[in-house]
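Visitor: Numbering (the working numbering), first residue to last: 2 to 658.
Glycine residues also receive a C-beta, built at the ideal position from the N, C-alpha and C atoms.
Model, not experiment: these values are computed from the prediction.
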Amino acid sequence: MSLVLFSSLMIPLKSQNPLALEDYPVPVAPINEYVLGNGYTTFQLWAPAADSVKVNIYGAYKNGRAGELMTTELMQKGEDGLWTYTSDRNLENAGYTFQTSYHGRWNEETPGIFAKAVGLNGRRAYCVDLRTTDPEGWSTDELTNKMVPFSYNIIYEMHFRDFSADESAGIKNQGKYLSLTEEKTHNKEGLSTGLQHLRELGVTHIHLLPSFDYASVDEGKRGPQYNWGYDPLNYNVPEGSYSTDAADPLCRIREFKQMVKHLHQAGFKVVLDVVYNHTFDVNGSNFQLTVPDYFYRHNADGSFANGSGCGNETASERPMMRKFMIESVLYWLKEYHIDGFRFDLMGIHDIETMNEIRRAVDAVKPGVLIYGEGWAAGSPQLPEFRLAMKANVGQLNGVAAFGDELRDGLRGPWDNDANGAFLVGVPGNEESIKFGLVGAVPHPEIDLTKVNYSKKAWATKATQMISYVSCHDDMCLADRLKATMKESSVEKQERLAKLAETAVFMGQGIPFIFAGDEILRDKKGVHNSYNSPDSINCIPWGCKTAHKDLFDYVCQLIKIRQQHVAFHLVNAKDIADKMHFIPTKQHNLIAYTIEDSGERLVVVLNANTKAKMVQVPKADYQILIKDGKASADGLGIVTTGRVKVEPQSALVMVARQ
Ligand code: CA
């Protein structure tokens, strides 16, 4: 402990530097830690306030062993804080680390902040020729990968281990990138798992929990280890434990690309969960070992700010941190053909950075999905009006935030698992759900004074809201239902899960589903399973057999959504003009119509334990969803102006106009 305190005193503080951190020069061109040329290799590190910088060059990784130290070379300081060293050899596959010196004291070795390939546990970087990591056909992968409008995106959030590590998945490459390249996998009863399961479901985007290199799992240790991975180490390198050989610097890159290519061919887009808001630790982080203090915000007393709740928060408003985030996102986009980014604790980042990321991404590949958590875990050390918080989403261009009004209006508040809401018949959540159904845009028929968290519409377009009832955080849907229902039976859980997903998919916004909720998987009541074992986190695929009826319902729900333009309204004015709530004057009963393109959709959500009658515009309706059954092809025709909606179920009908 005393050593830590002593070394922290050695870190240069603002007053000791000739330049304030904010004024450090930042180069315009992208930063490449290494450039491999014909007969040379140039190393580069940005460290404007360092008094010396050296590069340690190691032999290549070979036959399961990392190479020995070959040489250590002092780097030369050039313009814009860049230090360089050029070797007269092409050092392809050589390992390297940097070391910076401040006030005469050398820091520990670091792979730098822009490392593209690393060895075991991410401590050493490698000079790889990235073209040697491309799977066959990679150069044409993007040609067939066409983006679709945001409202047609359906996000499926999953973790590699959860999805594939249970024996019941029938997947060979358990917990690995390659698990998402396997076809024809099925559970014991012969029902599909893995990719075919996702194809049947009809989701469009596979959102992977953190898959960049994180710290908490020891990549050299055999046997099960589990972590969600919200503890970043090397932002621009795939995590090693999901590859079949974490020590081989090329393996994780190759396998990640193989996965992306296969997912694209299978018709899916790939979303990365990116966690630029904090690092695993401070003193050992690549940021801190490169340019101490620069990449983090501080409290007034000089201590590290902690808006992430993880001991630190990064400073996206500083030019190099902003540049780093933009370049990192572009790198994943170009090198790994990623199609979307989910920003963890986006409310810690500043608005300008998020908008610059959107601009930079659009210039490379339009239609990329960008969304994030519009909140922080603590109070970030930047004025609220500058932060990419949910309330400021209107100032963000093409960036969506999670709609927790709908989520908690349905399942109950985030801060108390025992409290239920609409789904279990608690009155007073109707306006919060309506707020989510319209996609968090202004709507004259919503009483904002009764909405749980927002007293003002925060989106300008419905595609700025992610519509969901659960995600990896907190209890999954089955557990939350069990924790809040008075009388819990599997049959009732299924009915309410169907009702919940109907609210998610039959409104405006971008729907999102947590892996396994479609087959009522549970996590044995664990609220925060970030490091729980497989016995808690893995999806037991027998659930698909047990809850085939729910699965079929969600499949149809997704089909219905994708077939009717009424669920794809985007602009606030359109939504206010075309989507109208039917006054029901009863709790836990929400009814609305959406009219668009010659169709009128009627949706009724009844969370009461009794059937309810609702007045609707008289017409010949085709029934799409009724009493726990759903069919995109229709369940029959009815001519009516008054409908009965069965207990704890939804009714969805469509009429031609
Ligand atoms: Ca790792």
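Consult DSSP for Phe281 and reduce its assignment to one of helix, strand or coil.
Guide: Counted from its first residue, the sequence shown places residue 281 at position 280. Coil at Phe281, not helix or strand.
Visitor: Among residues of its own chain, excluding the 5 on either side of Thr461, which ones have a beta-carbon nearer than 6 angstroms to its beta-carbon?
Guide: On the sequence shown, position 460 is the one that residue 461 refers to. Around Thr461: Gly395.
Visitor: Could you check whether Glu502 and Asp480 sit closer than 9 angstroms to each other, using their CB atoms as the reference points?
Guide: The residue given as residue 480 occupies position 479 in the sequence shown. The residue given as residue 502 occupies position 501 in the sequence shown. No, the pair does not count as a contact, with Cβ atoms beyond the cut-off.
Visitor: Check the DSSP bridge columns for Ser468 and list the partner residues they point to.
Guide: Translated into positions along the sequence shown, residue 468 becomes position 467. As DSSP reads the structure, Ser468 sits in a beta bridge with Pro512.
Visitor: CA-CA distance, Arg387 and Glu184?
Guide: Locating residue 387 in the sequence shown gives position 386, counting from the first residue. Locating residue 184 in the sequence shown gives position 183, counting from the first residue. In a straight line, the C-alpha of Arg387 is about 46 angstroms away from that of Glu184.
Visitor: Kindly provide the chain-ordered list of residues whose Cβ lies closer than 7 angstroms to any non-hydrogen atom of ligand 1.
Guide: Those residues, listed in chain order, are Asn122, Gly123, Asp214, Tyr215, Ala216, Val218, Glu220, Leu234, Glu240, Gly241 and Ser242.
Visitor: Anyone know if the C-beta pair for Phe151 and Gly368 falls short of 9 angstroms?
Guide: For the purposes of this step, residue 151 is identified with residue 150 of the sequence shown, where counting begins at 1. For the purposes of this step, residue 368 is identified with residue 367 of the sequence shown, where counting begins at 1. Contact flag set, yes.
Visitor: Of all the beta strand (DSSP E) runs that stay within the bounds of the region 235–280, which reach a length of 3 or more residues?
Guide: 270–275
Visitor: Could you spell out the range, first to last residue, of the alpha helix (DSSP H) harbouring Asn538?
Guide: One-based indexing of the sequence shown puts residue 538 at position 537. Where Asn538 is concerned, the enclosing alpha helix (DSSP H) stretches over Asp535 to Asn538.
Visitor: With a cut-off of 8 angstroms, do at least 3 Cβ pairs link the region 241–261 to the region 291–302?
Guide: With a cut-off of 8 angstroms, the region 291–302 and the region 241–261 do not count as touching, because too few Cβ pairs lie within range.
Visitor: Excluding the 5 residues preceding and the 5 following Arg132 in the sequence, name in chain order all residues of the same chain whose CB lies nearer than 8 angstroms to its CB.
Guide: Counting from 1 along the sequence shown, the entry for residue 132 is found at position 131. Nothing meets the Cβ criterion.
Visitor: If we count Cβ pairs, one from each stretch, closer than 8 angstroms, do we get three or more for the region 277–288 versus the region 307–315?
Guide: yes
Visitor: Per the contact definition of three or more C-beta pairs closer than 8 angstroms, is the region 370–386 in contact with the region 410–418?
Guide: no
Visitor: CA-CA distance, Arg343 and Leu370?
Guide: Start at 1 with the first residue of the sequence shown, and residue 343 comes out as number 342. Start at 1 with the first residue of the sequence shown, and residue 370 comes out as number 369. Roughly 8 angstroms between the two C-alpha positions.
Visitor: Check whether the Cβ atoms of Tyr103 and Asp163 sit closer than 9 angstroms, and answer yes or no.
Guide: Sequence index remark: in the sequence shown, residue 103 carries index 102 (1-based). Sequence index remark: in the sequence shown, residue 163 carries index 162 (1-based). Going by C-beta atoms, Tyr103 is not nearer than 9 angstroms to Asp163.
Visitor: What does the alpha-carbon distance come out to for the pair Glu201 and Ala402?
Guide: By one-based count along the sequence shown, residue 201 stands at place 200. By one-based count along the sequence shown, residue 402 stands at place 401. Rounded to the nearest angstrom, the two C-alpha atoms are 27 angstroms apart.
Visitor: Quick check on Asn660: does DSSP put it in helix, strand or coil?
Guide: Past the boundaries of the shown model lies residue 660; the chain is included only from 2 to 658, so the question cannot be answered.
Visitor: Got a sec? Which residues, its chain only, sit under 7 angstroms from Asn356 by beta carbon, not counting five neighbours each side?
Guide: What you label residue 356 is simply residue 355 of the sequence shown in a count that begins at 1. Cβ neighbours of Asn356 within its own chain (closer than 7 angstroms, five residues either side excluded): Leu397 and Asn398.
Visitor: Do you know offhand how far Ile559's Cα is from Gln77's?
Guide: On the sequence shown, position 558 is the one that residue 559 refers to. On the sequence shown, position 76 is the one that residue 77 refers to. Looking at the two C-alpha atoms, the distance is approximately 58 angstroms.
Visitor: How big is the Cα-Cα spacing for Thr43 and Met71?
Guide: Along the sequence shown, read from residue 1 onward, the residue named residue 43 stands at position 42. Along the sequence shown, read from residue 1 onward, the residue named residue 71 stands at position 70. Cα to Cα, Thr43 sits roughly 16 angstroms from Met71.
Visitor: In chain order, which beta strand (DSSP E) runs of at least 3 residues are fully inside the region 319–365?
Guide: Segments of the beta strand (DSSP E) lying fully in the region 319–365: 341–344.
Visitor: Excluding the 5 residues flanking Phe513 on each side, which residues of the same chain have their C-beta closer than 6 angstroms to its C-beta?
Guide: Counting from one through the sequence shown, the residue named residue 513 turns up at place 512. Excluding residues within five positions, the ones whose Cβ falls inside 6 angstroms are Ile156, Ile467 and Tyr469.
Visitor: Output the distance between the C-alpha atoms of Arg601 and Val655, rounded to the nearest integer angstrom.
Guide: Translated into the one-based positions of the sequence shown, residue 601 becomes position 600. Translated into the one-based positions of the sequence shown, residue 655 becomes position 654. C-alpha separation (whole angstroms): 6 angstroms.
Visitor: Taking Gln623 as part of the beta strand (DSSP E), name the residues at either end of that continuous run.
Guide: Taking the sequence shown and counting its residues from 1, one reaches residue 623 at position 622. Element bounds for Gln623: Lys613 to Lys627.
Visitor: Compare the beta carbon distance of Phe99 and Thr87 with 9 angstroms and say whether it is the shorter of the two.
Guide: Position 98 of the sequence shown, counted from the start, is the residue given in the question as residue 99. Position 86 of the sequence shown, counted from the start, is the residue given in the question as residue 87. Contact: no.
Visitor: Would you mind listing the beta strand (DSSP E) stretches within the region 23–76 that are 3+ residues and don't spill past its ends, in chain order?
Guide: Counting only runs of at least 3 residues, the region 23–76 fully encloses the following beta strand (DSSP E) elements, listed from N- to C-terminal order: 35–38, 41–47, 53–59 and 70–75.
Visitor: How close, in whole Å, do the beta carbons of Gln465 and Val505 come, if the pair is a contact with beta carbons under 8 angstroms?
Guide: Residue mapping note: residue 465 aligns to position 464 of the sequence shown, counting from 1. Residue mapping note: residue 505 aligns to position 504 of the sequence shown, counting from 1. So it is not a contact: roughly 16 angstroms between Cβ atoms.
Visitor: Considering Val491, what are the terminal residues of the alpha helix (DSSP H) in which it resides?
Guide: Counted from its first residue, the sequence shown places residue 491 at position 490. Per DSSP, Val491 belongs to the alpha helix (DSSP H) from Val491 to Phe506.
Visitor: In three-state DSSP terms, what is Tyr127?
Guide: In the sequence shown, counting from the first residue as 1, residue 127 sits at position 126. Strand at Tyr127.
Visitor: Under a three-way DSSP split, which group does Thr85 fall into?
Guide: Here residue 85 refers to the residue found at position 84 when the sequence shown is read from its first residue. Looking at Thr85 - three-state DSSP - the assignment turns out to be strand.
Visitor: Pull up the distance between the alpha-carbon of Glu347 and that of Gly404, whole angstroms please.
Guide: Here residue 347 is taken as the residue at index 346 of the sequence shown, counted from 1. Here residue 404 is taken as the residue at index 403 of the sequence shown, counted from 1. According to the sequence as given, residue 347 is Met; it is not Glu. Those two C-alpha atoms are separated by around 13 angstroms.
Visitor: Tell me which residues share the same chain as Cys544 and place their Cβ nearer than 8 angstroms to its Cβ, disregarding the 5 neighbours each side in the sequence.
Guide: In the sequence shown, residue 544 corresponds to position 543, counting from 1. Hits under 8 angstroms: Gly517, Ile520, Leu521 and Arg522.
Visitor: Using the C-alpha atoms, what's the distance from Ser286 back to Met11?
Guide: What you label residue 11 is simply residue 10 of the sequence shown in a count that begins at 1. What you label residue 286 is simply residue 285 of the sequence shown in a count that begins at 1. Confidence at Met11 is low in this model, with a pLDDT of 40, below 50, so its placement is unreliable and no value can be given for it.
Visitor: Just how far apart, CA to CA, sit Lys524 and Pro534?
Guide: Reading the sequence shown from its first residue, position 523 is the one you call residue 524. Reading the sequence shown from its first residue, position 533 is the one you call residue 534. C-alpha separation (whole angstroms): 10 angstroms.
Visitor: Below 8 angstroms on the Cβ atoms is my guess for Ile576 versus Gln509; work out the distance and round it to an integer in Å.
Guide: Taking the first residue of the sequence shown as position 1, residue 576 is located at position 575. Taking the first residue of the sequence shown as position 1, residue 509 is located at position 508. Correct: roughly 6 angstroms between the Cβ atoms.
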